[in-house]
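Input: a single structure, listed below in structure tokens.
There are 2 protein chains.
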Amino acid sequence: MKLALLGVFAISSLALSAAVFSSAASGVPPENASPIYGVTIPDGYRDWKFIAPAQEAPPLDELRAVLGNDIAVEAYKKGTLPFPDGSILVKLAYKREQSTEFAPATVPGASTTVQVMVKDSKKYPDSHGWGFGRFVNGKPVDAAQHETCLSCHVGNVKDHDFVFTRYAP
Amino acid sequence: MKLALLGVFAISSLALSAAVFSSAASGVPPENASPIYGVTIPDGYRDWKFIAPAQEAPPLDELRAVLGNDIAVEAYKKGTLPFPDGSILVKLAYKREQSTEFAPATVPGASTTVQVMVKDSKKYPDSHGWGFGRFVNGKPVDAAQHETCLSCHVGNVKDHDFVFTRYAP
Chain L
3 MKLALLGVFA ISSLALSAAV FSSAASGVPP ENASPIYGVT IPDGYRDWKF
53 IAPAQEAPPL DELRAVLGND IAVEAYKKGT LPFPDGSILV KLAYKREQST
103 EFAPATVPGA STTVQVMVKD SKKYPDSHGW GFGRFVNGKP VDAAQHETCL
153 SCHVGNVKDH DFVFTRYAP
Chain C
3 MKLALLGVFA ISSLALSAAV FSSAASGVPP ENASPIYGVT IPDGYRDWKF
53 IAPAQEAPPL DELRAVLGND IAVEAYKKGT LPFPDGSILV KLAYKREQST
103 EFAPATVPGA STTVQVMVKD SKKYPDSHGW GFGRFVNGKP VDAAQHETCL
153 SCHVGNVKDH DFVFTRYAP
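Those sequence lines, one after another, are chains L and C.
Mind the numbering: the first sequence is residues 3 to 171 in the working numbering, read in order.
Mind the numbering: the second sequence is residues 3 to 171 in the working numbering, read in order.
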């Protein structure tokens, strides 16, 4: 992760495995940070705890899984809403492919997007405390795509602190 | 987990979060252990690391996710085959349900089964080192169902140490 940051603000997970940076205040986002929010892919997220799977219908036709850092997972387990500052959720999305080994199964193909939500009520007062990042091949997509995040979350899941995913048993 | 065991053999994950017991040698499996193999649901598995999602077509119509203990995840990351003794994989399966909040998404409904594979080459010499457990509501299903595990894994994934799931990126 590029550390040449101006106006850096870092949140670390309990495991010190995550670092999310933003220089939104400076107006110069780091190369790998999302437009609007300045969210980056947190280090170590692939080893975070599992929250739930999902499937997205065609045309995207994806298998998905949401992982969370310790703060987010603890909030899920305790039913804490809103999610506390420092909560980070990462959605991993894959093209859904037919298994060549077991006919009834579809399995993950290529990674399509990694999507990140970071809770920081001071940093993101205009988006209900959430910062969003949507990444393809490790790079953030454009501002136009990021402008769609908030309205969809606000329109559909305002009663669950703007988070779609529930904790699977 | 019931600890009134005869002829106990325990494997602990690196995080000391897993314990799998069996008294197969004594012929008296503990109440919650699978027939044939004596595998139980490992403590703490729900916090294990995420390996991959999958979908199972109707009639089961499930969303699934496989989690692994540290030994198994390390083997996946390094491409170690066969999986070393102590590896444990847990598949969580859920009824696939339409999301009421986002039309293109299907999400986990009720838990259907929890399925466990334990690698112990000394304990399971007759099943390529793997012990199997299939659980509904925390209780193992019957011997007839457990008799189907091995043949399906042997018939389809003998070149991947009898494990279907691959590590998703």
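By construction, the Cβ of each residue, glycine as well, lies at the ideal position given by its N, Cα and C atoms.
Per DSSP, the continuous beta strand (DSSP E) segment holding K93(L) begins and ends at 90 to 100.
N158(C) is not a Cβ neighbour of E99(L), given a cutoff of 7 angstroms. Within chain L, the residues F52 have their CB atoms less than 8 angstroms from the CB of L69(C), given in chain order. Chain L places a beta carbon closer than 7 angstroms to that of A107(C), counting this residue as a contact. Minimum Cα-Cα distance from P142(L) among the listed residues D163(L), A112(L), V118(L) corresponds to V118(L).
Between E58(C) and chain L, the shortest Cβ-Cβ separation is below 7 angstroms. In this structure, D72(L) keeps its C-beta atom at 7 angstroms or more from the C-beta atom of K51(C). Beta-bridge partners of V68(L) (DSSP): A54(L), K93(L).
Nearest Cα to V75(C) within the set A67(C), P61(C), D144(C), I90(C): I90(C). Not one beta carbon of chain C lies nearer than 7 angstroms to the beta carbon of E99(L). Following the DSSP letters along the chain, one finds A146(L) inside the alpha helix (DSSP H) bounded by residues 145 to 158. By DSSP's assignment, R136(C) forms a beta bridge with Q117(C). Separation of the CB atoms of F134(C) and V41(C) is rounded to 6 angstroms, and the pair is thereby assigned contact status at 8 angstroms. Between the stretch 143 to 154 of chain L and the stretch 62 to 71 of chain L, the count of Cβ pairs shorter than 8 angstroms is below three; the stretches do not touch. Beta-bridge partners assigned by DSSP to T167(L): none are found.
Annotation: P61(L) to Y96(L) spans about 13 angstroms, alpha carbon to alpha carbon.
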